[in-house]
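Novice: In order, the protein sequence lines correspond to chains A, B and C. The first sequence begins at 1 in UniProt numbering and counts up one residue at a time. The second sequence begins at 1 in UniProt numbering and counts up one residue at a time. The third sequence begins at 1 in UniProt numbering and counts up one residue at a time. Starting off with a structure, shown below.
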Amino acid sequence: MAGLGRNCILCARKSLLFHRSVVSLTRLQIPPATEVVVTQVRGTKRWVRPYLQTLVNRINRENELLGPLPPQPRSSKINWNYESELHAFGPRLGEKLNLSTLRAAFTDRSYVEEEEERRRELDLPLEDVKLDMQDNSQLAEQGWQVTTNYVHSFLRAEFPLLPDEGIQAIHDYVTQEDMLVWIANHLGVKDLIRCSTFPIPPPVTKQVFLGVIGAVNHDQGLQRAETFVHDFVVAQLVGKDVNAMWDIPNPMGMLAEMLQKAGKGEPEPRVINQSGTNTVTPVYFVGVYSDKELLGEASGDTMPLAVEEAARVALANMFKTHEGRKPLALDTRLKTTAKLADKTNYLENQS
Amino acid sequence: MASRVQQHWLTFSRMWLLCDARWQPAPELAKRICKYLEGRHKPVYHPLTDCGDHVVVINTKEVAFDKNQWEKKLYAVNTGYKNTMIAMSAKDFHRMDPTKVVEREVYSELPKNLQRKNLMTRLHLFPDENIPDNIKQNLVDIIPPVMEPPKRLDEFTEEEKASWPRFFIPPADYKPSD
Amino acid sequence: MANHIVGATGRTVTSGFLKSVLQNGTGRYVCQLQRITLKFCKASVQSRGARDYVENHLLDFAASNPGVVVYVTPKPEIHARIVAEYLNGEIHTLFIDKKSAEEIQQHVQSLVWRSGLPLIRLRKTQHTENPSIQGQWTPFTNRPCTSTAALEEKLKTLSK
Chain A
1 MAGLGRNCIL CARKSLLFHR SVVSLTRLQI PPATEVVVTQ VRGTKRWVRP YLQTLVNRIN
61 RENELLGPLP PQPRSSKINW NYESELHAFG PRLGEKLNLS TLRAAFTDRS YVEEEEERRR
121 ELDLPLEDVK LDMQDNSQLA EQGWQVTTNY VHSFLRAEFP LLPDEGIQAI HDYVTQEDML
181 VWIANHLGVK DLIRCSTFPI PPPVTKQVFL GVIGAVNHDQ GLQRAETFVH DFVVAQLVGK
241 DVNAMWDIPN PMGMLAEMLQ KAGKGEPEPR VINQSGTNTV TPVYFVGVYS DKELLGEASG
301 DTMPLAVEEA ARVALANMFK THEGRKPLAL DTRLKTTAKL ADKTNYLENQ S
Chain B
1 MASRVQQHWL TFSRMWLLCD ARWQPAPELA KRICKYLEGR HKPVYHPLTD CGDHVVVINT
61 KEVAFDKNQW EKKLYAVNTG YKNTMIAMSA KDFHRMDPTK VVEREVYSEL PKNLQRKNLM
121 TRLHLFPDEN IPDNIKQNLV DIIPPVMEPP KRLDEFTEEE KASWPRFFIP PADYKPSD
Chain C
1 MANHIVGATG RTVTSGFLKS VLQNGTGRYV CQLQRITLKF CKASVQSRGA RDYVENHLLD
61 FAASNPGVVV YVTPKPEIHA RIVAEYLNGE IHTLFIDKKS AEEIQQHVQS LVWRSGLPLI
121 RLRKTQHTEN PSIQGQWTPF TNRPCTSTAA LEEKLKTLSK
């Protein structure tokens, strides 16, 4: 209670005390200064606590009516220096980046247009209205090229037996908008974006992040950019289930096709175990065989589901994306496309 | 790997186990049944995890007690009316309902907490060998017996009887003296 | 345990498992401390250590941590404090009243080393997303193939 005034400095909402109805409330309490009688009262001021309590209740009631505060950009705070923040961005990620490139990477097209519009409103001459400011569209395109190429080559080296659709599905998962925005926000990109709207829309954040990758490519070369993608984008595959990313529509048909190509017999699902078949929680444990060889086994609460799941497991075993596979080579520092291509060629020659 | 959902479903799926109570000592049998009811035989067991199995017990009318426990052991029985709590000997109790002795033994053997009645619902007791078909279809495995039930003399075949080791073979005209 | 919180017993603090922000360290290590703000009073005795730190140590800190943005805001009659902002959006405030410059230096260093996640009681000192390579246990694991036959045989004898 006693610290109410101090709270007002810290908390934006409590400052309502000073400029809303509370002020009028306090005004009512103070009598007009026509006649000043000074009386000194000693002892406990018993009116203080109920008075402050009334104020707090009033603030709370107003808060309920108004709802939560809208989000504010970090740059609206006093302790904010864009140049310093920009300066710290490169060293934080261990990259030596040119400040002008970086500034371009963080500038969205909408920001440039907004600035020009503002100048036009000021009735400046037309040649001064046009800003010589770069936006991130070119850098983002470069960054996207680097990212997609590297992720593709990395996945191809890691899963040599997986078909192209599977590789594409994993690639799409890693480079989806939500994922890139998540990564960007955890690298401190969020506060530095120059955009006309706030909160910043996710597509803008994604483009800025790709622009940062493009900036690394522009300033430090392709190899550093690929390392950047490796460390921050591909690393998100750790602990994820690769098989869940690719939704095969008809796994049993695909398995039959694969086996036919390999010159093996038709896949044959068989119930290995089952329990509680006459209850509401049954479990069927199904194995898929081909030429009396177990390809994969899985379970389900109905027979068709279990068969489909077993076919998926059999496919995962064939593609070497099964559970007991080697972990991703994230720590072996196979970080350039050239090295990955070497590995892919080596594996192809082996097989 | 199967999907995580299916994996989880499989790991915590309930097994239906068959247990033959024929000539098994009731307290030891109850201990063994409790282990499976609670799921203590599983490596994923945790006291807060509901991972117990169903147990189907048959032949409960042929359950055994040692020494003079049938007379000595008493069960508290309440008929439902006021002041009618009586102590009934195991023999009488068993005669009243042949599944009750096993049920009581298992109930007293289970941990004394709120899960006890839930666990008891997974115990299916049948006095003889007849199991309903809907339960028979669920069965997966057999619980190993506490002790092998001894064989009666009339269950031995003639060959086994003939090949049984003997101290001496009496002559055909042998007549034991009085 | 890995974390030491004063007075942290079983039920007084939230508990959880080890986490990393953005798989940090899988590729390269990124210092999670984004910016640090020192607030202190220019005149009060309690902020003397903070002033000493700003005069003697802060430049060294800024030079050795180029990825951390440092703000210094003197304010009259304020409790001296460090406000640390992390990459995951968390903000930690540390009050440094009556602390000497060396103590403040140690506190700042500990802020640099932190991940920004809230301090919780760790239930285990290790954590993995993939608990088993050989596969999770199931009721059918290592089940002998003869057991189904034994059950069928038993059921046959019952039906006789």
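Just so you know, even glycine gets a beta-carbon here, dropped at the ideal spot from N, CA and C.
So is Arg270 (chain A) buried or exposed if we call it buried at 16+ other beta carbons inside 10 Å?
Specialist: exposed
Novice: Rank C:Arg48, C:Leu33, C:Leu22 by C-alpha distance to the C-alpha of Lys39 (chain C) and give the top, closest one.
Specialist: Nearest of C:Arg48, C:Leu33, C:Leu22 to Lys39 (chain C), Cα basis: C:Arg48.
Novice: What residues of chain C sit near Pro43 (chain B), judged by a beta carbon separation below 7 Å?
Specialist: Within 7 Å of the CB of Pro43 (chain B), the CB atoms of chain C belong to Trp137, in sequence order along the chain.
Novice: Could you give the residue range of the alpha helix (DSSP H) that holds Ile167 (chain A)?
Specialist: 164-174
Novice: So is Leu131 (chain A) buried or exposed if we call it buried at 16+ other beta carbons inside 10 Å?
Specialist: exposed
Novice: Suppose you measure from the CA of Arg194 (chain A) to the CA of His87 (chain A); what does that come to, to the nearest Å?
Specialist: Between the alpha carbons of Arg194 (chain A) and His87 (chain A) lies a distance of about 15 Å.
Novice: Quick check on the DSSP output: the alpha helix (DSSP H) that includes Phe167 (chain B) runs from which residue to which?
Specialist: It is not in any alpha helix (DSSP H) - Phe167 (chain B) carries neither H nor E in the DSSP assignment.
Novice: Check whether the Cβ atoms of Asp301 (chain A) and Pro327 (chain A) sit closer than 8 Å, and answer yes or no.
Specialist: no
Novice: Checking contacts by CB at 8 Å: is Lys136 (chain B) closer than that to chain C?
Specialist: yes
Novice: For the candidate residues A:Ile183, A:Gln220, A:Thr205, A:Met252, whose alpha-carbon lies nearest to that of Leu237 (chain A)?
Specialist: Taking only the C-alpha atoms, the option nearest Leu237 (chain A) is A:Ile183.
Novice: Is it true that the region 94-101 of chain A meets the region 202-217 of chain A, where meeting means three or more beta-carbon pairs spaced less than 8 Å apart?
Specialist: yes
Novice: Should Arg152 (chain B) go down as buried or exposed, given a rule of 16 or more other Cβ atoms within 10 Å for buried?
Specialist: That one is exposed.
Novice: Considering only residues of the same chain and omitting the five flanking positions on each side of Asn78 (chain B), which have a CB-CB separation below 7 Å?
Specialist: Thr84, Met85
Novice: Give a yes or no on whether the minimum CB-CB distance between residue 161 (chain C) and chain A is below 8 Å.
Specialist: What the structure shows of chain C is the stretch from 1 to 160, and residue 161 (chain C) is not part of that stretch, so it cannot be assessed.
Novice: Hey, would you say Leu22 (chain C) sits closer than 8 Å to His186 (chain A), going by beta carbons?
Specialist: yes
Novice: Between the alpha carbons of Glu160 (chain B) and Arg166 (chain B), how many angstroms are there, rounded?
Specialist: Between Glu160 (chain B) and Arg166 (chain B), the C-alpha separation is close to 12 Å.
Novice: Leaving out five residues on either side along the sequence, give the residues of the same chain with a beta carbon under 6 Å from the beta carbon of Val229 (chain A).
Specialist: Thr147, Tyr150
Novice: Short check: CB of Tyr284 (chain A) to CB of Met303 (chain A), under 8 Å?
Specialist: Yes.
Novice: Evaluate Arg118 (chain A) with the Cβ neighbour count: other Cβ atoms within 10 Å of its Cβ, from every protein chain shown; 16 or more gives buried, anything less gives exposed.
Specialist: exposed
Novice: Would you check if the distance between the CB atom of residue 168 (chain C) and the CB atom of Ile96 (chain C) is smaller than 8 Å?
Specialist: With chain C covering only 1 through 160, there is no way to say anything about residue 168 (chain C).
Novice: First and last residue of the beta strand (DSSP E) that includes Lys39 (chain C)?
Specialist: 33-40
Novice: Name the chain A residues whose beta carbon is nearer than 7 Å to that of Gly67 (chain C)?
Specialist: Ala88, Pro91, Arg92
Novice: With a CB to CB cut of under 7 Å and the five nearest residues on each side skipped, what residues in its chain are close to Leu125 (chain B)?
Specialist: Val57, Thr60, Thr99, Val102, Glu103
Novice: List the endpoints of the continuous alpha helix (DSSP H) containing Pro269 (chain A).
Specialist: Note, Pro269 (chain A): premise wrong, no alpha helix (DSSP H); beta strand (DSSP E) at 268-275.
Novice: Please work out which residues of its chain come closer than 8 Å, Cβ to Cβ, to His19 (chain A), disregarding the five sequence neighbours upstream and downstream, and give them in chain order.
Specialist: For His19 (chain A), the pLDDT reaches just 47, beneath the cut-off of 50, and the residue's location in the model is therefore unreliable, leaving the point undetermined.
Novice: Of all Cβ atoms in chain E, is any one closer than 8 Å to the Cβ of Val45 (chain C)?
Specialist: Among the protein chains in the structure shown, which are A, B and C, there is no chain E.
Novice: Using the C-alpha atoms, what's the distance from Asn60 (chain A) back to Ser21 (chain A)?
Specialist: Any reading at Ser21 (chain A) must be qualified, since the residue scores a pLDDT of 48, below 50, and its modelled position is unreliable; the value itself is stated next. Taking the straight line joining both Cα atoms gives about 13 Å.
Novice: Using the rule of at least 16 other Cβ atoms within 10 Å of the residue's Cβ for burial, across every protein chain shown, is Met252 (chain A) buried or exposed?
Specialist: buried
Novice: Within 10 angstroms of the Cβ of Val280 (chain A), are there 16 or more other Cβ atoms? Answer buried if so, exposed if not.
Specialist: Exposed is the call here.
Novice: To the nearest angstrom, how far is it from the Cα of Gln115 (chain B) to the Cα of Arg122 (chain B)?
Specialist: 11 Å
Novice: Using a cut-off of 7 Å between C-beta atoms, extract the partners of Gln236 (chain A) located in chain C.
Specialist: Here the neighbours are Gln23.
Novice: Helix, strand or coil, according to DSSP, for Val23 (chain A) in the structure here?
Specialist: Its pLDDT being 48, under 50, Val23 (chain A) is placed unreliably in this model, and the value from its coordinates should be taken loosely. Three-state result, Val23 (chain A): helix.
Novice: What residue from B:Asp154, B:Glu129, B:Phe168, B:Glu158 has the CA that sits closest to Leu154 (chain C)'s CA?
Specialist: Just to set this straight, residue 154 (chain C) is Lys in the shown sequence, not Leu. Ranking B:Asp154, B:Glu129, B:Phe168, B:Glu158 by Cα distance to Lys154 (chain C) puts B:Glu129 first.
Novice: Cβ of Arg122 (chain B) less than 8 Å from any chain A Cβ?
Specialist: No, because no Cβ of chain A sits closer than 8 Å to the Cβ of Arg122 (chain B).
Novice: Using beta carbons (cut-off 8 Å, strictly below), is Ala150 (chain C) in contact with chain B?
Specialist: yes
Novice: Using a cut-off of 7 Å between C-beta atoms, extract the partners of Cys41 (chain C) located in chain A.
Specialist: Residues of chain A passing the Cβ test: none, with the nearest at roughly 14 Å.
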